[in-house]
Every structure is written in structure tokens, then in C-alpha cells.
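Undergrad: Below: one structure in C-alpha cells.
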Amino acid sequence: MDSRSSELAARTPLASTAAAGLKIVIVGGFGVGKTTMVRSVSEIRPLSTEETLTRAGAEIDDARGVEAKSTTTVAFDFGRISLNEELVLYLFGAPGQERFWFLWDRLFTGTLGAVVLVDTRRLADSWYAIDRLEHHGMPFVVAHNRFGEPTHSLDQIRGALDLASDVPLIACDARQRDSSKAVLIKLVNHLHALSAARQVTS
Ligand SMILES: Nc1nc2c(ncn2[C@@H]2O[C@H](COP(=O)(O)OP(=O)(O)O)[C@@H](O)[C@H]2O)c(=O)[nH]1
Ligand SMILES: [Mg+2]
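Residues in the sequence shown are numbered from 1 upward in steps of one, following UniProt numbering.
Next comes the structure, spelled out in C-alpha cells:
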């Protein structure tokens, strides 16, 4: 641990009363803002494995629309938020590139729910993530990370993604802590509503 991370760890220790951890995964296409979102909400300096995009990867990682992006996450982003003295939220940003999908099944173990980040310039990148989540029966919300002025309404995005009407859809700016927090709150409320509905029917 370098001096900066040990200093941060000292400032934000995990409360000794922390008893339960909730795991949430943020998934989406390449360059959609997953690392940015984990960074903006985490109370610890997030772990992330960014690697400089190489020419070898240039053929594989489709960087159209995000040409300014020079790094890519090769493993996971990891962040933490203490919800109260006992509950801790763990955030995992998962690589969206198709070649990393073999990691997803493991990642979903113990996961309560997911955020699918979408970018309207590259909506097709999120189809696969949504498909996988539906396949796993994993509850999720969709967050439109706005790059610049919104060019599409949420209804248009819902239609283009063919989202079921009960899947929450929200706009966000992943760089803003409050905006990213609102996305997580949307997911937690969604999980809560689903579990309340299950209790009624069982
Ligand atoms: N304008 C704008 N840029 C963003 C936003 N979110 C992320 N970015 C930038 O987009 C690039 C890709 O984001 P990153 O978090 O690395 O994407 P990832 O591949 O999904 O982890 C970075 O250069 C970010 O600074 C946003 O909401 N608005
Ligand atoms: Mg990333």
C-alpha cells in the first residue's frame, strides 16, 4: 500500500460495526463510464486496473465515439460505500468487452443487482449486458450516462433497448457523485420493491 492509499484507508476505515455487505455490479459497454461512476461514489480510493490501450487491442476494443479514451479496464473496478453503521455496499465495475464475458458468471455470485450504463452513441453495446442479466434473472436498472446534451428521451431509449416497463431507467452524469448516488438509490429501491412483491405472492 503506498502512503496515499494508507492515508486514505486511515481516513475511511471500515466501521467495526459493519456486519453485512451488499454487492452491486455496474456493467456496460466499453467507455460508457463504469470506472468514472465507481470513482465518483466510492468512499475509498477505488481499486481499478486501467491499462493503456495498445495497438494490439485497437482491433478488438471498438473505440468509435470514444477516441479520446486511452485506457481500458482489464479487470474490475472496486469501490465501497457505507450505507449505515452495519451495512456496506460493495461496487464492482465489470468489463463490458465481449472477450471478458467469461468473468461475468463468477462476478454475479452473491450479487444483489446491477446497473447497466448506456451511452446513446453506442446503444448496441448494452444489448449484450441486458441480455446476460435477463438470462441470469439478475434485477437491474438502466442508467443513461449523458455525454453532453441529451439527444434522446428516456422513452426513446427504453424503446431502442426494448426494456420491459418495470425496469427502471434514469439519466445520469457518472462524473457527479450525487448523480451516481441517485442511480444506486434507484437500484436499491427497485430491489426493495421486488422483494416486497415476492413477499406478497409467497
Ligand atoms: N462528458 C462526459 N464524459 C464522461 C462521463 N462519464 C465518463 N466520461 C469520460 O468518458 C471516458 C470513459 O469513461 P470510463 O469510466 O473510463 O469508461 P469505462 O470503460 O466504462 O470504465 C473517460 O474519459 C471519462 O472521463 C460523462 O458523464 N460525461
Ligand atoms: Mg473502466
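Where is the CB? At the ideal position from N, CA and C, for every residue including glycine.
Rounding to the nearest angstrom, what Cα-Cα distance links Arg132 and Pro168 in this structure?
TA: The residue labelled residue 132 in the question sits at position 132 within the sequence shown. The residue labelled residue 168 in the question sits at position 168 within the sequence shown. A straight line joining the alpha-carbon of Arg132 with that of Pro168 spans about 17 Å.
Undergrad: When DSSP labels each residue in this structure, what does Ala193 get in the three-state scheme?
TA: On the sequence shown, position 193 is the one that residue 193 refers to. Three-state DSSP puts Ala193 in a helix.
Undergrad: For Asp77, which of helix, strand or coil comes out of DSSP?
TA: Taking the first residue of the sequence shown as position 1, residue 77 is located at position 77. Residue state for Asp77 is assigned as strand, using DSSP reduced to three classes.
Undergrad: Using the C-alpha atoms, what's the distance from Tyr90 back to Trp104?
TA: As a position in the sequence shown, residue 104 is number 104, starting the count at 1. As a position in the sequence shown, residue 90 is number 90, starting the count at 1. Cα-Cα distance, rounded: 16 Å.
Undergrad: Going straight from the alpha carbon of Phe140 to that of Thr17, what length do you get?
TA: Mapped onto the sequence shown, residue 140 falls at position 140. Mapped onto the sequence shown, residue 17 falls at position 17. Near 29 Å, if we compare the C-alpha coordinates of Thr17 and Phe140.
Undergrad: Figure out for me which residue from Leu194, His136, Ser195, Ile157 has the closest Cα to the Cα of Arg146.
TA: For the purposes of this step, residue 146 is taken as residue 146 along the sequence shown, with counting starting at 1. When each option's Cα is compared against that of Arg146, the closest is Ile157.
Undergrad: Would you be able to state if there are at least three C-beta pairs under 8 Å between the region 182-192 and the region 148-163?
TA: Segments in contact, no.
Undergrad: Which residues bound the beta strand (DSSP E) around Ile26?
TA: Position 26 of the sequence shown, counted from the start, is the residue given in the question as residue 26. Ile26 -> beta strand (DSSP E) spans 20-28.
Undergrad: Got a sec? Which residues, its chain only, sit under 8 Å from Leu107 by beta carbon, not counting five neighbours each side?
TA: Taking the sequence shown and counting its residues from 1, one reaches residue 107 at position 107. Cβ within range, chain order: Val25, Phe76, Phe92, Ala94.
Undergrad: Judging by CA-CA distance, which residue of Arg177, Val118, Ala193, Ser179 is the nearest neighbour of Gly31?
TA: For the purposes of this step, residue 31 is identified with residue 31 of the sequence shown, where counting begins at 1. The closest CA to that of Gly31, considering only Arg177, Val118, Ala193, Ser179, is found on Val118.
Undergrad: Answer yes or no: do Ser126 and Leu87 have a C-beta to C-beta separation smaller than 8 Å?
TA: Translated into the one-based positions of the sequence shown, residue 126 becomes position 126. Translated into the one-based positions of the sequence shown, residue 87 becomes position 87. Against a cut-off of 8 Å, the Cβ pair of Leu87 and Ser126 comes out as no contact.
Undergrad: Is DSSP giving Ser82 helix, strand or coil here?
TA: The residue given as residue 82 occupies position 82 in the sequence shown. In the three-state reduction of the DSSP assignment, Ser82 falls in the strand class, which pools E and B.
Undergrad: Which residue wins for smallest C-alpha separation from Gly137, given the options Thr36, His152, Leu194, Ser179?
TA: In the sequence shown, the residue the question calls residue 137 occupies position 137. Minimum Cα distance to Gly137 is reached at Leu194.
Undergrad: Return helix, strand or coil for Ile170, following the three-state DSSP convention.
TA: Numbered from 1 along the sequence shown, position 170 holds the residue referred to as residue 170. It is a strand residue.
Undergrad: If you count every other CB in all the chains shown that lies within 10 Å of the CB of Leu187, and 16 or more means buried, which is it?
TA: Residue 187 sits at position 187 when you count from the first residue of the sequence shown. Label assigned to Leu187: buried.
Undergrad: Considering only heavy atoms of ligand 2, does any lie closer than 7 Å to the CB of Asp77?
TA: Start at 1 with the first residue of the sequence shown, and residue 77 comes out as number 77. Indeed, a heavy atom of ligand 2 lies less than 7 Å from the Cβ.
Undergrad: Count the other C-beta atoms from every protein chain shown that fall within 10 angstroms of the C-beta of His144, then say buried if there are 16 or more, exposed otherwise.
TA: Numbered from 1 along the sequence shown, position 144 holds the residue referred to as residue 144. It counts as buried.
Undergrad: Any heavy atom of ligand 1 within a distance shorter than 7 Å of the CB on Val142?
TA: Along the sequence shown, one-based indexing puts residue 142 at 142. No.
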